[in-house]
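Colleague:
Numbering (the numbering used here), first residue to last: 332 to 1182.
1) Select from 712, 517 and 436 the residue whose C-alpha is nearest the C-alpha of residue 679.
2) Just to confirm the assignment, what range does the alpha helix (DSSP H) spanning residue 419 have?
3) Exposed or buried, which one is residue 931 when buried takes at least 16 other CB atoms within 10 Å?
4) Where residue 1072 and residue 767 are concerned, what is the direct C-alpha to C-alpha distance, given to the nearest angstrom?
5) The alpha helix (DSSP H) with residue 783 in it runs from where to where?
6) Taking the beta strand (DSSP E) that residue 922 falls in, what are its first and last residues?
7) For residue 805, which of 815, 1028 and 416 has the nearest alpha-carbon?
8) Considering only residues of the stretch 356-414, which uninterrupted beta strand (DSSP E) runs meet the minimum length of 3 residues and lie entirely inside it, listed in chain order?
9) Distance check for residue 621 and residue 1195, CA to CA, integer angstroms please.
10) Which complete alpha helix (DSSP H) runs does the stretch 822-855 hold, if anything under 4 residues is left out?
11) For residue 1006 and residue 974, I'd like the C-alpha separation in whole angstroms.
12) Would you kindly work out how many angstroms separate the C-alpha atoms of residue 505 and residue 690, rounded to a whole number?
13) With DSSP as the reference, identify every bridge partner of residue 1037, one or two as the case may be.
14) Can you give me the start and stop residues for the alpha helix (DSSP H) that residue 569 sits inside?
15) Quick one: is residue 467 buried, meaning 16 or more other Cβ sit within 10 Å of its Cβ, or exposed?
16) Considering residue 752, what are the terminal residues of the alpha helix (DSSP H) in which it resides?
17) Where does the unbroken alpha helix (DSSP H) through residue 432 begin, and where does it stop?
18) Alpha carbon to alpha carbon, how far is residue 341 from residue 850?
19) To the nearest angstrom, how far is it from the Cα of residue 943 to the Cα of residue 899?
20) What are the boundary residues of the alpha helix (DSSP H) that includes residue 675?
21) Relative to the C-alpha of residue 409, which residue among 396, 855, 592 and 423 is closest?
22) Select from 981, 1051, 980 and 950 the residue whose C-alpha is nearest the C-alpha of residue 1113.
23) Could you pull the start and end residues of the alpha helix (DSSP H) that residue 1075 belongs to?
24) Run through DSSP, which three-state label would residue 565 get?
25) Would you grab the beta carbon distance between residue 671 and residue 683 for me? Rounded to a whole angstrom, and I think it's under 8 angstroms.
26) Identify which residue in 786, 777, 781 and 742 has its Cα closest to the Cα of residue 762.
27) Apart from the five residues on each side of it in sequence, which residues of its chain come closer than 8 angstroms, Cβ to Cβ, to residue 972?
28) Give the single residue among 709, 725 and 765 whose Cα lies nearest to the Cα of residue 740.
29) Decide if residue 969 is buried, meaning its Cβ has at least 16 other Cβ atoms within 10 Å, or exposed.
30) State the DSSP-derived secondary structure class of residue 702, mapped to helix, strand or coil.
31) Pick from 835, 872 and 836: whose alpha carbon is nearest that of residue 852?
32) In the DSSP assignment, find the unbroken beta strand (DSSP E) run with residue 954 in it and report its ends.
33) Mind checking residue 1018: buried by the 16 CB within 10 Å criterion, or exposed?
34) Determine the direct distance from the alpha carbon of residue 1024 to that of residue 832, and round the result to whole angstroms.
35) From which residue to which residue does the alpha helix (DSSP H) around residue 686 run?
36) So the candidates are 375, 463 and 362; which of them puts its Cα closest to the Cα of residue 560?
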């Protein structure tokens, strides 16, 4: 990651420079986002962790992967790789990172023991759990040695893989480096609530084999023994400094390449950055110092004098399902330090501030179970708090509403972005949204914990500058989609003519007309093909089918939760055969037919609706699918009936028109077979109910959904989804997916949670009522169309030859036109089956040629 940061910095700061750089790594992958390594278990795809690939497309940059550097010859200025490749350099930068340490204990060479550091580590771990589960015929038992941040992530990863997890920590509490005693105990309660067993005050003494020779148990230092089928070590890291040692560079007492404030080693031509670099006798294990070191080296290479300083960057637990974060002097060891704490054991919340002896300067903070204050307080470390500490951490306290961050306060520690840089992005670079601020400053692009603070800074600067950001939908409507939605709802408007006459100008455009059509559909103000609305729709909604590249259409009926009856399958197959349509299973667990002509759509749907099929709305900006697994009804690992829940949700939200398409995923256990965290609404079963995730999506900018609420019963889950979806429908911009809406909404996820879960705005009842109205008034669009001759006329392919059918149209020469080469009548529509077969043969031929 630090190598990527360095090259990206060179490209940004010296875009036209004559420099060239070669990056050499021993892993077979491009540099990837190791901070979010645990998220690999959600997507099972290295692309989910990909960093900006544009860096490697630069002709000045050469990337070598899978070929470790074997030696560094400082005299000849040459590095030699394991394969024998030699690369000459003017300057060398060591960004070799660290390796995962394993304890010196008997049995660490047994099969089934893993570290948790690289992509290869997690891939091998997942494969081992899969194979052991198959061999044993039961859930795999896992032990994680180490109860720090990464150890807890590893325990959560085991649960996602369907394994049981026990965390063994030698210290007396979890996250002993980052949390005080009270915070550690509260975290223990939260982790145990997730079904993870916690053993503190004991270490791993030795590992014993099972009957087949793989690991079978762990003997602890307290004499007890834990049965296990897999062990994951997360007991610390050590700097990878072998190349530097063998090259004769200065090495720190505790390892690591010794560097100064310029990140230069004992050789003026060699620098070191990241976890391999020793600064003031210590190596950093976080991304923020590594990023800062990379920026320092870039600055020095370009003639600057920037220096690196060790700072407290804070720590935030992620990817586990519980919240914990800290910064500064968490144990109040500073002279005269005062502690102010708030403990709520019922709701599992713990907050503590550490202040100077006069209770004014903030020295540290600990937050467990609720980290809402973390992003706002961490930049104030070492500065006046500016408020009563007791009021700040109290549940209903005054907070930090009036506290102003100084320009030099670091807001985003991951990328070392201060408040002044964020303000300048607004005042000097014209940023008006959180997304623009992220793009301009890189703040909030790594862990995301600073987004609430960024939002506060953005809003403050806009307000101070008196900037009124235009949220006009288009030239015809001087208001946002959200405002227009509210107006149409409150005034009961039913047609585009009424709306534009009362609140717009002109005749509309390709932006506002489909938007108004969507709003009217959401509010159930008539069928999509009724009256004026028919002319407002885009190509797909206009005929309730997706237009394909060859001019034909797809037919995708709804199959709630992926379920379908045998008689429906039989009729589906007959229709596909009789109309010569191509059939495939979609990524959303639906059957789809491709190749239908416009005039064939009504008859196809007449056949399908007769056996109970409905429109799948694959053509609309609405709910598409609810993907699911078989759940506990069939799967031996399922803990909830995910299939029944998926069907319930799909039938509830079918036909809900929204700013963009919506997809759901419902997984019956933590193995996540339905890929719920890649969906706009993701639901994952727990032993206590359901965890609700929101704001995920695929597409050009994939995003993982974030945890909104945990361990919900069925009815509470549905209420929260009602509120979330209706709030999204009412507030989001035109064509805005849930992921950017959640990310850019003022206050971020924390504020959204307060609105949806805690009903902080008092609108929950209104949102639920609006959704109940949608459910009550739902009507299948194709069934309604088939019953209305006026709507059916829209599927006539030739208005001047309404009775024309396949084979009726002949070529008639006119004004010198040439007859087709075969000198036969040209049929307007060839047999779709023939076109399909030709395409398939061509595709197979191309594939064989490629092979």
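Even for Gly, the Cβ is constructed at its ideal location relative to N, Cα and C.
Modeller: A quick look at the data gives this:
1) Nearest option by C-alpha distance: 517.
2) For residue 419, there is no enclosing alpha helix (DSSP H); the residue is found in the beta strand (DSSP E) stretching over 417-419.
3) With 16 or more other Cβ atoms within 10 Å, it is buried.
4) Roughly 13 angstroms between the two C-alpha positions.
5) It spans 782-796 - the alpha helix (DSSP H) in which residue 783 sits, taken as one unbroken run.
6) Unbroken beta strand (DSSP E) run through residue 922: 922-927.
7) The option with the nearest alpha carbon to residue 805 is 815.
8) Secondary structure in the stretch 356-414: the beta strand (DSSP E) runs of 3 residues or longer, each lying completely within the stretch, are 392-395, 400-404 and 409-412 in chain order.
9) One cannot answer for residue 1195 here, as it falls past the ends of the chain, which runs 332 to 1182.
10) For the alpha helix (DSSP H) assignment, the uninterrupted runs of no fewer than 4 residues enclosed by the stretch 822-855 are, from N- to C-terminal side, 827-834 and 843-853.
11) Roughly 14 angstroms between the two C-alpha positions.
12) Whole-angstrom Cα-Cα distance: 28 angstroms.
13) Paired residue(s): 1025.
14) Counting along the chain, residue 569 falls outside any alpha helix (DSSP H), though it belongs to the beta strand (DSSP E) covering 568-570.
15) In the assembly as shown, residue 467 is an exposed residue. Its beta-carbon has fewer than 16 other beta-carbons within 10 Å.
16) DSSP places residue 752 inside the alpha helix (DSSP H), whose first and last residues are 750-758.
17) Neither: residue 432 is in no alpha helix (DSSP H) and is coded neither H nor E.
18) Whole-angstrom Cα-Cα distance: 47 angstroms.
19) Note on geometry: alpha-carbon atoms of residue 943 and residue 899 lie some 7 angstroms from one another.
20) Per DSSP, residue 675 belongs to no alpha helix (DSSP H); it is in the beta strand (DSSP E), 669-675.
21) When only C-alpha atoms are compared, the closest one is 423.
22) When each option's Cα is compared against that of residue 1113, the closest is 950.
23) Start and end: 1069-1075.
24) Residue 565 falls in the coil class under three-state DSSP.
25) 7 angstroms between Cβ atoms; contact.
26) Minimum Cα distance to residue 762 is reached at 786.
27) So the list reads 962, 963, 964 and 999, once near-sequence residues are dropped.
28) Comparing Cα-Cα distances from residue 740 to each of 709, 725 and 765, the minimum goes to 709.
29) The Cβ neighbour count for residue 969, taken over all protein chains shown within 10 Å, is at least 16; the residue is labelled buried.
30) Coil.
31) Residue 872 is the option with its Cα nearest to residue 852.
32) Counting along the chain, the beta strand (DSSP E) containing residue 954 begins and ends at 954-959.
33) Classified as exposed, residue 1018 has fewer than 16 neighbouring CB atoms from the shown chains inside 10 Å of its CB.
34) Each residue's Cα considered, the two are about 41 angstroms apart.
35) Taken as a continuous stretch (DSSP letters only), residue 686 belongs to no alpha helix (DSSP H), being part of the beta strand (DSSP E) at 680-686.
36) Out of 375, 463 and 362, 463 has the C-alpha closest to the C-alpha of residue 560.
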